[in-house]
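Chains as they are written, first to last, in my numbering: chain A, 1262 to 1712; chain B, 409 to 578. For each residue, glycine too, the CB sits at the ideal point set by N, CA and C.
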């Protein structure tokens, strides 16, 4: 018998002949790819819009400058007023980092797959296994109670790093994984990791370098033990298979000060700062998402110079509202398409088809949108679908039996005549144009009138 | 201030995407099959890989290296799949090892498929990339995101296990 090494290439080629591509998969695969590209572009746009509406609370929480960092001089810029080099965290880091991926994960759960994703502690354990590389049987988790913002902090540790029985030593470091339901918020909603912070890794500064081509990461291990080392992974985009820059920082007890070259493909990065023991096991990690310099584009402009956030609207909703206004103003069909999932979007009397060709045929159907979005919205909880922000508020009035002066003024602003208002009063309901965005920022419907 | 992809590029890419799919789909599917040993799973992974890579085609720094990006994505997706399955099994306490009862009637091809299936996913990926894709250790290390020394170890241990499995059948 020939040696295995010699015959293996032929054997593998022979085995690979078992499968041939199914031509019917080409069209749906390419459709998904084109949608993903549109959504990726949209995600960048939305993230940048979030600079205006956002703030730096998330980054402040993840990169506390108040940490005492031996040997380094943490500058206050990460927690000071927004400046040219400040960064804004993205909404999620693992496993889903785009609205499309989140929707797909939710669909999988709704179909009965991966039920563990509805449990924040189990999702945190999966993060420990997949990102930190811990053996499943070694992962210990303790979930906290949900915060007022709906997030849950899950403390994880590696039992394999605890002192052996009968020996003494420091306990395994704890890492707190923060999770949120970024889509549905009921018992069947998927949980996603939005960040991680360990008691071991103390970050003093994380910011875009002054020349805008990379990140500066400064920090130290709060409990540096012999031969524990630090490394940084920077994922240059929002998907886990994007290029990752790996920087080994060694084991200097004085701390680390790293400049990591970044050329993000979509204007975002996910940063993971690891601490390793001498065996190469990750003992703890900090992880967070940031906006960063993108390849071929300039760094984000200074924050705080755009429009103020819409009062009462969550950031994703406010960002989508603005993106809709921008897209309609420019009749930018690609931009509008990127805000929509044709499988779930409802327009006119249709459901589940792509509205863009229809709107392109007759753009005037979009004319009422700016006026609609100028009015206040109402929040509607729709069972099985989650929270919707619906414009105008008149949709939620329930009855227009009596039309107040304010309502009449607003109805006129929507271009409705007194005769049409009278029809609505007689019908007892608002029948004008309306638009809805769900809590994740996905544009869910636009009905120009009627029904 | 808002960064978006150039729309002209999106239109231009339409035909190119079709060509890329048709050119690489057979190789991608075969690689995914060798990595997973499961025809249906290989089809799913291949489609997901195309969606991911074609979905950001304009962002690729070197578009001529499309196969390189696609191969790396298939390997990543395959490894992620097996990691996820391992996690699920542990949590749901459903783990059960199929007894390795040799079937005297199976073909050499099926023996090879079964033997590959016994390897750890990382070992299987390293061996497939080495002996099917004919990559160097450095290229395998890049594709798997591990150190070159780790590749050497993965291939060595994987081959030892493979010999063991196949010799039982011989």
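| Check | Outcome |
| --- | --- |
| For a test of the three-state rule: what should DSSP assign to residue 432 (chain B), helix, strand or coil? | helix |
| Applying the criterion that 16 or more other CB atoms from any shown protein chain within 10 Å of the CB defines a buried residue, is residue 1406 (chain A) buried or exposed? | exposed |
| For a contact defined as C-beta to C-beta under 8 Å, what are the partners of residue 459 (chain B) on chain A? | 1290, 1293, 1294, 1297 |
| Could you name the residues of the stretch 1355 to 1372 of chain A whose beta carbon sits closer than 7 Å to any beta carbon of chain B, in the order they occur along the chain? | none |
| Counting along the chain, where does the beta strand (DSSP E) carrying residue 1457 (chain A) start and finish? | 1453 to 1459 |
| Measure the Cβ-Cβ separation of residue 1484 (chain A) and residue 1461 (chain A) and say whether it is below 8 Å. | yes |
| Tell me the start and end of each unbroken beta strand (DSSP E) in the stretch 1627 to 1687 of chain A that is at least 3 residues and wholly inside, in chain order. | 1639 to 1643, 1647 to 1652 |
| Select from the stretch 560 to 575 of chain B all residues with a C-beta closer than 8 Å to any C-beta belonging to chain A, and list them in chain order. | 567, 570, 571, 574 |
| Which partner residues of residue 1518 (chain A) appear in the DSSP bridge assignment? | A:1479 |
| When the cut-off is 8 Å and only beta carbons count, does residue 550 (chain B) lie next to chain A? | no |
| Report the rounded CA-to-CA distance for residue 1512 (chain A) versus residue 1480 (chain A), giving the unit in angstroms. | 12 Å |
| Using a Cβ-Cβ distance under 8 Å, would residue 1287 (chain A) count as near chain B? | yes |
| I need the boundaries of the alpha helix (DSSP H) containing residue 1414 (chain A), first residue and last residue. | That residue, residue 1414 (chain A), is in no alpha helix (DSSP H); its beta strand (DSSP E) goes 1413 to 1419. |
| Taking only beta-carbon atoms, is residue 501 (chain B) less than 8 Å away from chain A? | Note that residue 501 (chain B) scores a pLDDT of 44, beneath 50, so its modelled location is shaky; the value from the coordinates is reported in the next line. Answer no: the Cβ-Cβ gap between residue 501 (chain B) and chain A never drops below 8 Å. |
| Less than 8 Å separating the beta-carbons of residue 1444 (chain A) and residue 1588 (chain A)? | no |
| Below 8 Å on the Cβ atoms is my contact criterion, and I expect residue 1574 (chain A) with residue 1650 (chain A) to pass it. Report the Cβ-Cβ distance as a whole number of Å. | 6 Å |
| Output yes if chain A places a C-beta closer than 8 Å to the C-beta of residue 547 (chain B); else output no. | no |
| Can you give, in chain order, each stretch of the beta strand (DSSP E) that sits fully within the stretch 1422 to 1451 of chain A and has at least 3 residues? | 1436 to 1441 |
| For residue 1281 (chain A), return the contacting residues in chain B, with the cut-off set at a CB-CB distance below 8 Å. | 434, 437 |
| Which class does residue 1606 (chain A) belong to by DSSP, given the choice of helix, strand or coil? | coil |
| Spell out a yes or no on whether the stretch 475 to 491 of chain B and the stretch 452 to 462 of chain B are touching, meaning 3 or more CB-CB pairs, one atom from each, closer than 8 Å. | yes |
| Mapping the DSSP letters down to three states, classify residue 1484 (chain A) as helix, strand or coil. | coil |
| Hey, residue 474 (chain B) and residue 432 (chain B) are a contact pair by Cβ (cut 8 Å); roughly how many whole angstroms apart? | 7 Å |
| Candidates A:1618, A:1586, A:1449, A:1434: which alpha carbon is nearest residue 1536 (chain A)'s? | A:1434 |
| Specify whether the stretch 1436 to 1452 of chain A and the stretch 1624 to 1640 of chain A touch according to this definition: at least 3 beta carbon pairs, one from each stretch, less than 8 Å apart. | no |
| So is residue 1345 (chain A) in contact with chain B if we call contact Cβ pairs under 8 Å? | With a pLDDT of 25 at residue 1345 (chain A), under the threshold of 50, the modelled position of that residue is not reliable, and the figure given next carries that caveat. Chain B contact via Cβ: absent. |
| For residue 1522 (chain A) and residue 1450 (chain A), which I take to be in contact (beta-carbon distance under 8 Å), what is that distance rounded to the nearest angstrom? | That pair is no contact at about 38 Å. |
| Assign residue 1695 (chain A) to one of three DSSP states: helix, strand, or coil. | strand |
| If I'm right that residue 1419 (chain A) touches residue 1392 (chain A) with Cβ under 8 Å, what's the distance once you round it to whole angstroms? | Incorrect: roughly 13 Å between the Cβ atoms, too far for contact. |
| Return helix, strand or coil for residue 1354 (chain A), following the three-state DSSP convention. | coil |
| In whole angstroms, what separates the C-alpha of residue 1605 (chain A) from that of residue 1699 (chain A)? | 11 Å |
| For residue 1493 (chain A), report the span of its beta strand (DSSP E) as first-last. | 1490 to 1496 |
| On a CA-only basis, which of B:450, B:435, B:434 is nearest residue 441 (chain B)? Give me that one, please. | B:450 |
| Where do the ends of the alpha helix (DSSP H) carrying residue 1512 (chain A) lie? | Note, residue 1512 (chain A): premise wrong, no alpha helix (DSSP H); not H, not E. |
| Tell me whether residue 1368 (chain A) is buried or exposed, calling it buried when 16 or more other Cβ atoms sit within 10 Å of its Cβ. | exposed |
| Provide the residue(s) that pair with residue 1402 (chain A) in DSSP beta bridges, ordered along the chain. | A:1417 |
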